[in-house]
Amino acid sequence: MDIAKLKQTLAGKSGARLKLWMEICARCGLCAEGCHFFQSDPRPEHVPAYRLKPLAELLRMNGEVDEAVGEAFMQSLVDTVYGTCTMCQRCSMFCPHGISIAFLVRATRALAVSQGMTPQGLASGLANALEFGNNLGISEEDYRETVEWQLEELQAEMPDAIAPMDKKGAEVLVTFHPRDIKFYPQNLYNYLKLYNAAGLDFTLTSSKGWDSTNIGLFAGDDPAATELCGRVVAAGENLGVRTVLSAE
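This note's numbering puts the first residue of the sequence shown at 1, with every later residue one more than the last.
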């Protein structure tokens with residue numbers, strides 16, 4: 001374990017909001033009413049407030065984890081904050097204090113990232129996103145071909161349908177979930193149909209900014225999340241659009 005890096009990350013995440021929410025959580029359990037993990041399997045460890053235990057322990061210890069038990073502690077942390085939470089924020093709707101447990105879970109995930117303990121599924125998706133511009137590793141050629149294919153299908157129903165690529169000055173830049181491009185192209189068909197029927201002044205982008213997901217956000221990797229978000233912003237700015245629309 002890199003204790004110094006763990007302490008540095010903890011210090012960087014321990015702002016006033018995090019400390020306040022950790023302090024005022026009453027462990028009342030009302031958050032469980034909104035959690036699909038708890039509703040499907042009502043065990044104490046599935047109560048959203050339970051997910052704050054590793055963070056509370058680290059704050060109490062100021063990050064000084066005993067190296068003899070450090071690996072086991074961090075693995076338990078990973079299992080808790082990645083394995084029992086999707087960061088959907090439903091639990092926050094039931095919290096009488098308005099605590100965002102997803103915010104606290106993400107802060108805890110950053111601690112796992114600092115130790116190189118991002119779960120493999122997220123890590124591989126993140127590597128794809130950084131290299132290819134999307135978390136499924138879809139090539140630009142496959143992306144373009146899928147768009148052209150679905151546009152041709154749509155034009156059989158709507159002859160005037162368009163799917164402009166890299167149109168300067170469009171009102172809206174539309175982005176997509178890579179899953180729809182790779183596995184559910186019918187969704188892309190429906191999006192294009194909706195945009196055309198609504199008369200939306202839109203464009204797609206051929207840059208690495210077309211992925212509407214940000215897997216770095218969910219992984220808890222701040223530099224990666226910033227990079228991926230920046231690509232979408234850059235694509236929008238380069239095309240001069242006013243709005244970015246996420247299709248997810």
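Don't be surprised by glycine CBs; every beta carbon is placed ideally from N, CA and C.
Owing to the predicted nature of the structure, the values given are computational and were not obtained by experimental measurement.
**Prompt:** Cα-Cα, which of F103, A26 and A225 is closest to A127?
**Reply:** For the residues F103, A26 and A225, the minimum Cα distance to A127 belongs to A225.
**Request:** Please work out which residues of its chain come closer than 6 Å, Cβ to Cβ, to I138, disregarding the five sequence neighbours upstream and downstream, and give them in chain order.
**Result:** P178, I181 and K182
**Message:** As an exercise, report each continuous alpha helix (DSSP H) stretch of at least 4 residues that is fully enclosed by the stretch 58-115, in chain order.
**Reply:** Counting only runs of 4 or more, we get 67-83 and 101-114.
**Asked** Does DSSP put D142 in a helix, in a strand, or in coil?
**Response** helix
**Request:** Kindly indicate which three-state DSSP category M165 falls into: helix, strand or coil?
**Result:** strand
**Request:** For D221, collect the residues of the same chain with a Cβ closer than 6 Å to its Cβ; drop the 5 residues on either side in sequence, then sort them by chain order.
**Result:** V113
**Request:** State the start and end residues of the unbroken alpha helix (DSSP H) segment that holds V232.
**Result:** D222 to L239
**Message:** Among K167, G230 and W149, whose alpha-carbon lies nearest the alpha-carbon of S206?
**Reply:** K167
**Request:** Identify whether L245 lies in helix, strand or coil by the three-state DSSP scheme.
**Result:** strand
**DSSP state of V174 mapped onto helix, strand, coil** = strand
**Request:** Give the C-beta separation of N214 and L228 to the nearest angstrom, bearing in mind that I take them to be a contact with Cβ-Cβ under 8 Å.
**Result:** 5 Å
**Item:** Cβ distance (whole Å) where V105 is taken to contact C88 below 8 Å
**Value:** With a Cβ gap of about 10 Å, V105 and C88 do not count as contacting.
**Prompt:** Can you list the alpha helix (DSSP H) stretches of 4 or more residues lying completely in the stretch 11-63, in chain order?
**Reply:** 16-24, 36-40 and 53-61
**Request:** Report all residues from its chain with a CB closer than 7 Å to the CB of E33; omit the five preceding and five following residues, and keep chain order.
**Result:** Hits under 7 Å: F94.
**Prompt:** Using a Cβ-Cβ cut-off of 6 Å (strictly less than) and excluding sequence neighbours within five positions of L245, which residues of its own chain qualify?
**Reply:** V172 and V174
**Message:** According to DSSP, D211 sits in a beta bridge with which residue or residues?
**Reply:** F176
**Asked** With 16 as the cutoff for other CB atoms within 10 Å, does P42 come out buried or exposed?
**Response** exposed
**Request:** Name the two residues that bound the continuous alpha helix (DSSP H) containing G121.
**Result:** Q120 to F132
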